[in-house]
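Written below as structure tokens is the structure these notes are about.
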Amino acid sequence: MRKSNVLAFLIVAASIALPLLLFPRMIYCSYKSPFIMPMASGNIIVGFRDSYLDKMKQVERKHTGIDIEGEAGENVLASGNGLVTYIGFSPIGGRTLVIRHNEKIKTTYLNLEQILVSKGSQVSQGDRIATIGAEDDPSSETTHLHFGVIYDDKYLDPEDLLKIDYKSISKFLYLKYIEPDFSVSLNQG
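The opening position of the sequence shown corresponds to residue 8 in the working numbering, with each subsequent residue numbered one higher.
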């Protein structure tokens, strides 16, 4: 992982953990992680930063999220607690929904068939927010959900965010990057 990705990951972890440490009784979630997979089942068929050909525009693109395979009509769940800030149409991903989880973290859900919430709705982790089934996303011809994570207006690998759990998140608050000092030898006496 590049230094900038590690730093972004640590900042995301800290922004999730800090409210939990400061206000543990105000936040309750029955899940073990601040974010969950937005579908009950399904394999990841296109990964973050994978290249794919947009056949309509004949342009190669880098994927900004993950595509999770599913059946038409399958439920899409809110990955975390938050506020629905956008419902609309994306030329690359069709029906789109965005949830803001805090000032810096948003999750995006594209390729939706039916949207079950409205803009301004407060959602809880695991709530049904939509169904999949549209085939507007050029990254895959299979029925799927495109799931993305935006931190501070930059796309992050959703799989990294999904690996964070409440038991291990506090360790990320204490890590910091230190440049190695190659002038010091371990063999010095």
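Quick reminder that beta carbons are idealized off the backbone N, C-alpha and C, glycines included.
{"Query": "Simplified DSSP assignment, three categories, for LEU168", "Result": "helix"}
{"Query": "Pick from SER40, THR149, ASP172 and THR71 that is closest to GLY49, judged by C-alpha positions", "Result": "THR149"}
{"Query": "Candidates GLU120, ALA79, GLY89 and GLY95: closest to ILE43 by CA position", "Result": "GLY89"}
{"Query": "Backbone CA spacing between PHE30 and PHE96 [nearest angstrom]", "Result": "In this predicted model, PHE30 has a pLDDT of only 44, less than 50, meaning its place in the structure is not dependable; the value taken from the coordinates is given anyway. So the two alpha carbons sit approximately 37 angstroms from each other."}
{"Query": "Cβ-Cβ separation, TYR162 to ALA137 (assumed contact under 8 angstroms), whole Å", "Result": "The Cβ separation is near 20 angstroms, so there is no contact."}
{"Query": "Assigned secondary structure, ARG135 (DSSP; H/G/I helix, E/B strand, else coil)", "Result": "strand"}
{"Query": "SER86 classed as buried or exposed, judged by whether at least 16 other C-beta atoms fall within 10 angstroms", "Result": "buried"}
{"Query": "Unbroken stretches of the alpha helix (DSSP H), 4 residues or longer, contained in the stretch 69–141", "Result": "none"}
{"Query": "Distance CB(MET46)-CB(LEU152) smaller than 8 angstroms", "Result": "yes"}
{"Query": "Cβ neighbour criterion (16 or more within 10 Å) applied to ALA141", "Result": "buried"}
{"Query": "Burial state of MET33, where buried means 16 or more other Cβ atoms lie within 10 Å", "Result": "Caution applies to MET33, whose pLDDT of 39 falls short of 50 and renders its modelled position unreliable; the model cannot decide the point."}
{"Query": "Where GLY49 sits in the DSSP three-state scheme", "Result": "coil"}
{"Query": "Check whether ILE73 and PHE154 have beta carbons under 8 angstroms apart", "Result": "yes"}
{"Query": "Straight-line Cα distance separating ARG107 from VAL66", "Result": "30 angstroms"}
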